Structure formats: structure tokens, C-alpha cells
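Working notes, structure below.
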Amino acid sequence: MVKVAEIKQENIILAAIALFTEKGLEQTSMEAISKKAEVSKRTLYKYYPTKDSLFSMIIERLFSNIHTIADVQFNTTTSVKSQLTAIAETEVKLLCSDEFLSLARMVLSECMRSSKSATIMQEKIQDLEGCIGLTQWIEAGIAANKLDVAYPKVASEQFFASIKAIVFWPQILVHLPPANAEEQQIAIETSVTQFLCTYLKE
1087 MVKVAEIKQE NIILAAIALF TEKGLEQTSM EAISKKAEVS KRTLYKYYPT KDSLFSMIIE
1147 RLFSNIHTIA DVQFNTTTSV KSQLTAIAET EVKLLCSDEF LSLARMVLSE CMRSSKSATI
1207 MQEKIQDLEG CIGLTQWIEA GIAANKLDVA YPKVASEQFF ASIKAIVFWP QILVHLPPAN
1267 AEEQQIAIET SVTQFLCTYL KE
């Protein structure tokens, strides 16, 4: 059974997301958040003492599913292509979800409005960004003599960037609808092919 405290915290987060999207973090008051969430200010401050703590929690929600990529392990008995394709499929599924796109628009807009918000984002993304997991996967592939990569972090960033060019940035910047099945497949195949052509060891 869901606890009352969890419901209240969820209502607070949803209220903050709605108000930050509409007005921005600076123009949103804690009082407005408490009213929209239908909780007392005492309850609000109990869970989230500042708007920055709320924004930080929203960023964590934005990147929560990326842990599935961060935990991926290199498998020496499975083809590099199949492993990389699975990673790409996981990333594409996340990037194409309505919740992720909506949160991403709000968070990125807020970061463009405020350098303080951008700093919070940068601090969080260092811990949550999926590139960390892929970088570790690449390093394990190098150790297994399957990959030839001079700069694993750069390679992981290139891989995700090629995916986002098709199924993320067009949706964020010009509000296109989420990528359809064909576009998702193109993003997966293109990113995997580019990576393998560049880094797979013969």
C-alpha cells in the first residue's frame, strides 16, 4: 500500500514540475507549490526545504531510468553488436517516453534561464548520466580485446549523441512528436553501425 507521505511527496513534485514549466523556478514561490500540491507549507518544507532541492529531485526523476544503462556489463560470450544494440534500444525507449521528453523540456528551459539551475543540473548529471555506464562497458570491451578505443568517454558521448540527434533534440527544440518506430530503428541502427565501424577490433 502506498503511504500517505509518499503520496504527498509525489503531489509536491508534480506541482513543482507544473509550476516550473509555466513560470520558471525563480518566479515560482514555495507557497504556490504548497497550494497546488494541496499540502501545508510545513509539510512542503519538511520534505523539500528549498526550491533548489525540488529542482534537484526533478532532475533525479528525469534521469532515473538511465541507471539501467549505467549497470550494463560487458559480456565476452555475446557479440558486441547485440550488446550495443540492446544499450541503444534501452536509451531510445527512455528518450521517446512522454514523461522524459516533458521533464527534459522543463529542466533544459530552466537551465537556460538560470546559471544556478544549470549548476545544479551539472552536479546531478555527473552522477546520473548514462555515459558513465557505457564508458565502463567500453573499457571492459577494450580489456577483452574486442574494442580499439583511445578515448572511451568520448566514444560513449558520440554514441548517445548520434541517437539523440534523431529521437531527442528534434522533439525538444522544435516540439516534434516522439519518434515513431521507423525513426527509432534508424537511430539504433545508425548509432550502432557508426560505433562498430570506428571501434570494433578486427
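In the working numbering, the protein residues as written are 1087 to 1288.
Just so it is clear, CB atoms sit at the ideal spot from N, CA and C, and this is done for glycine as well.
Predicted model only: the values in this text are computed from it and were never measured.
key: Contact check, CYS1197 vs ALA1265, beta carbons under 8 Å   = Within the sequence shown, the letter at position 111 stands for residue 1197. Within the sequence shown, the letter at position 179 stands for residue 1265. Not in contact: CYS1197 and ALA1265 (Cβ atoms no closer than 8 Å).
Worksheet item: What residue does the alpha helix (DSSP H) around VAL1166 start on, and which one ends it?
Response: Position 80 of the sequence shown holds residue 1166. According to the DSSP assignment, VAL1166 belongs to the alpha helix (DSSP H) that extends over 1166-1181.
**Report entry** CB contact flag (ILE1274, GLU1175, <8 Å)
**Finding:** By one-based count along the sequence shown, residue 1274 stands at place 188. By one-based count along the sequence shown, residue 1175 stands at place 89. At a Cβ-Cβ threshold of 8 Å, ILE1274 and GLU1175 count as neighbours.
- Task: For LEU1233, name the three-state secondary structure that DSSP assigns.
- Result: For the purposes of this step, residue 1233 is taken as the residue at position 147 of the sequence shown. In the three-state DSSP reduction, LEU1233 falls in the strand class (E or B).
**Option in VAL1158, ASN1097 and THR1171 with minimal Cα separation from THR1279** = As a working mapping, residue 1279 is identified with position 193 in the sequence shown. Among VAL1158, ASN1097 and THR1171, the Cα nearest to that of THR1279 belongs to THR1171.
message = Can you find the residues in the same chain that come closer than 7 Å, C-beta to C-beta, to VAL1235, ignoring five residues on each side of it along the sequence?
response = On the sequence shown, residue 1235 is found 149 positions in, with the first residue counted as 1. Taking C-beta separations shorter than 7 Å and ignoring five residues to either side along the sequence, the partners of VAL1235 in its chain run ILE1224, ILE1228, ALA1241 and TYR1285, following chain order.
Among residues of its own chain, excluding the 5 on either side of ILE1144, which ones have a beta-carbon nearer than 8 Å to its beta-carbon? Against the sequence shown, residue 1144 aligns to sequence position 58. Around ILE1144, the same chain offers ILE1099, ALA1102, ILE1103, PHE1106, LEU1189, MET1192 and VAL1193 as residues with beta carbons nearer than 8 Å, after the five sequence neighbours per side are excluded.
> If we ignore side chains and look at the alpha-carbon of each, how far apart do SER1142 and LEU1130 end up?
Replying inline: Numbered from its first residue, the sequence shown carries residue 1142 at position 56. Numbered from its first residue, the sequence shown carries residue 1130 at position 44. About 15 Å.
| task | Please name the residue, chosen from LYS1094, SER1139, THR1136 and PHE1149, that lies closest to GLU1124 on a Cα-to-Cα basis. | result | Position 38 of the sequence shown, counted from the start, is the residue given in the question as residue 1124. Looking at the Cα atoms, LYS1094 is the closest of the given residues.
Cβ-Cβ distance between ALA1230 and PHE1160 below 8 Å: Here residue 1230 corresponds to residue number 144 of the sequence shown, with the count starting at 1. Here residue 1160 corresponds to residue number 74 of the sequence shown, with the count starting at 1. In contact: ALA1230 and PHE1160 (Cβ atoms closer than 8 Å).
Exercise. Considering TYR1285, what are the terminal residues of the alpha helix (DSSP H) in which it resides?
Worked result: The count along the sequence shown starts at 1 and reaches residue 1285 at position 199. 1267-1285 is the extent of the alpha helix (DSSP H) around TYR1285.
Does DSSP put ASN1161 in a helix, in a strand, or in coil?
Sequence index remark: in the sequence shown, residue 1161 carries index 75 (1-based). DSSP places ASN1161 in the coil class of the three-state scheme, outside both helix and strand.
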